[in-house]
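Residue numbers (my numbering), protein chains in the order written: chain A, 237 to 505; chain B, 827 to 1089.
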């Protein structure tokens, strides 16, 4: 079985090119020529190239599956798994080929370790294709949101934008990273950069402190890989406690202010 | 399709789905016995990104009308199921038409087919200027429908749209990148997929608006797959499909379900 793995060049990553910018004639034509020339059974591409994958799917007339987070080759079978029903269920299935698979980063790396099939790499070189921008506005600089060992996550249960801002200041003061659930972002309490979950970022810090989040599966998909999850919620029956390593049933703001006071005292000493 | 500046038609594609956050965890585990989750008790909702699309469709109509444009706003959905209150809410807040496409199949995990059906309807309509969709929707959450729509309609797609603005008398769209927002002038016919928008919730109609449409019936049409040969072969599963669960962070295989699908 022949697998073509399409990789992005550094230029693509560096210039933060939008997915659909990869679908230019300059990029697609040589790629299509390569695929037509050699009979490829499976084409894999990272999430950054979803639009290119769908364009290939339409041009070649072969199906495409997206969001693959596990990919295994067993004999002549390709098994893939992906989330469904807002990450409540994981589906594993065998696939027929030819097929195009849009894979998450963890599955992308796995391919390079397989030695039972041929893997070709084809690097896409591209340039931004739009030159009609009216203007560009930089987002607010919030350094190191998810790079810290400890991330504080704000859920809607904190109660208000003012409370959310207070937690942001607390996180910044102690050098913690900051994340948020979807309701917090859609209500405008924090910017969308902080969104965690299946339609936001997926993080794996050492410690994740979750304040006022109910623990829906769609959100948990974003923080589930944390080493330690510590949750604070006033509702003792909240789903988040079933998925946390440690939990505290108390008011989130009381927790934050209490922690701040204690750390200030100990630093004064 | 309108490219002459005459009446502009905006089609907003949205999906009505079950609120899976309301499903009890034990219902998912019920699949271990090969029993589908009993989810009749959960409410029907508009997908969150699709709700943003509906609200921003209204805002775009407002902007165009302020610029003296004649606009028709159409809401389009596929297999809405039992969702009368949602349909009436959408028409009550200002949509001119609602079209419900009804098909016998389930298209939840078939983004190609979904896009084919939607594009088939859109191509039949006249004077379409803009198509707006949400970025992704449960249960598949693949995010592929807007991109397939772009392929089938042969029109460019702008994804991760934050808002539509009137900037120096030009209708512009604000796009979100990782580190910046880029404002671009809108194309004559474009497809816009709404991401993390500033206005995410569909407005609530007044009681008077609701009463005006209490007997409203949407346009219902059967699903018509286009006659043209798109060359698409839909996914055929001929092997066992295993449905697994995440439990305490570990995959646990409970059951195997045989699924057959036709091409």
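We put the CB at the ideal spot given by N, CA and C, even for glycine.
What's the gap between the Cα of residue i and the Cα of residue j?
i	j	result
residue 385/A	residue 442/A	5 Å
residue 1007/B	residue 994/B	17 Å
residue 882/B	residue 320/A	27 Å
residue 963/B	residue 498/A	44 Å
residue 332/A	residue 301/A	11 Å
residue 430/A	residue 961/B	18 Å
residue 923/B	residue 985/B	25 Å
residue 1085/B	residue 327/A	The pLDDT assigned to residue 1085/B is 27, lower than 50, so where the model puts this residue is not dependable, and the model offers no usable value.
residue 467/A	residue 479/A	9 Å
residue 1061/B	residue 323/A	For residue 1061/B, the pLDDT reaches just 34, beneath the cut-off of 50, and the residue's location in the model is therefore unreliable, leaving the point undetermined.
residue 345/A	residue 307/A	10 Å
residue 955/B	residue 268/A	31 Å
residue 456/A	residue 848/B	15 Å
residue 1018/B	residue 486/A	43 Å
residue 921/B	residue 502/A	60 Å
residue 296/A	residue 1014/B	28 Å
residue 868/B	residue 260/A	44 Å
residue 904/B	residue 973/B	17 Å
residue 438/A	residue 356/A	28 Å
residue 1026/B	residue 840/B	13 Å
residue 288/A	residue 949/B	23 Å
residue 939/B	residue 876/B	18 Å
residue 341/A	residue 262/A	25 Å
residue 488/A	residue 842/B	34 Å
residue 959/B	residue 866/B	27 Å
residue 917/B	residue 909/B	13 Å
residue 858/B	residue 343/A	With a pLDDT of only 48 at residue 858/B, under 50, the local geometry of the prediction cannot be trusted, and the value read off the model is given with reservation. About 26 Å.
residue 846/B	residue 936/B	19 Å
With a 10 Å radius around its C-beta and 16 neighbouring C-beta atoms as the bar for buried, classify residue i as buried or exposed.
i	result
residue 242/A	buried
residue 928/B	exposed
residue 945/B	buried
residue 444/A	buried
residue 873/B	buried
residue 403/A	buried
residue 266/A	exposed
residue 1046/B	exposed
residue 1030/B	exposed
residue 896/B	exposed
Considering only the beta carbon of each residue, do residue i and residue j sit closer than 8 Å?
i	j	result
residue 286/A	residue 966/B	no
residue 279/A	residue 271/A	yes
residue 434/A	residue 414/A	no
residue 1016/B	residue 982/B	yes
residue 389/A	residue 447/A	yes
residue 998/B	residue 987/B	no
residue 914/B	residue 1039/B	yes
residue 979/B	residue 880/B	no
residue 276/A	residue 334/A	yes
residue 459/A	residue 432/A	yes
residue 989/B	residue 971/B	no
residue 901/B	residue 957/B	no
residue 425/A	residue 400/A	yes
residue 1022/B	residue 339/A	no
residue 953/B	residue 835/B	yes
residue 316/A	residue 298/A	no
residue 449/A	residue 393/A	yes
Does the beta carbon of residue i fall short of 7 Å from some heavy atom of the ligand NAP?
i	result
residue 421/A	Of the ligands one can find in the structure shown there are none, so the ligand NAP has no counterpart to examine.
Spell out whether any CB of chain B is found under 8 Å from the CB atom of residue i.
i	result
residue 434/A	yes
residue 319/A	yes
residue 300/A	yes
residue 282/A	no
residue 449/A	no
residue 492/A	no
residue 294/A	yes
residue 380/A	Because the pLDDT of residue 380/A is 44, which lies under 50, any placement of that residue in the model is unreliable, and the question is left without a value.
residue 291/A	yes
residue 483/A	no
residue 386/A	no
residue 452/A	yes
Would you please verify whether the beta carbon of residue i is less than 8 Å from any beta carbon of chain A?
i	result
residue 1048/B	no
residue 1026/B	yes
residue 995/B	no
residue 840/B	no
residue 1040/B	no
residue 1022/B	yes
Check distances from the C-beta atoms of the segment 417-443 of chain A to those of chain B and list, in chain order, the residues that come in under 9 Å.
-> Hits within the stretch, in order: 418, 421, 422, 423, 424, 427, 428, 429, 431, 434, 435, 436.
Report the residues of the segment 881-902 of chain B with a CB closer than 7 Å to any CB of chain A, ordered along the chain.
-> So the list is empty, because no residue satisfies the distance condition.
Residues in the segment 320-337 of chain A with C-beta within 9 Å of chain B's C-beta atoms, listed in sequence order?
-> Within the segment 320-337 of chain A, the qualifying residues are 320, 321, 322, 323, 324, 325, 326, 327, 328, 329, 330, 331, 332, 335.
Can you list, in chain order, the residues of the segment 942-976 of chain B whose Cβ is nearer than 8 Å to any Cβ on chain A?
-> Within the segment 942-976 of chain B, the qualifying residues are 961, 962, 964, 965, 966, 967, 968, 969, 970, 973, 974, 976.
Using a Cβ cut-off of 9 Å, which residues of the segment 866-880 of chain B contact any Cβ in chain A, in chain order?
-> Within the segment 866-880 of chain B, the residues whose Cβ lies closer than 9 Å to some Cβ of chain A are 874, 875, 878, listed in chain order.
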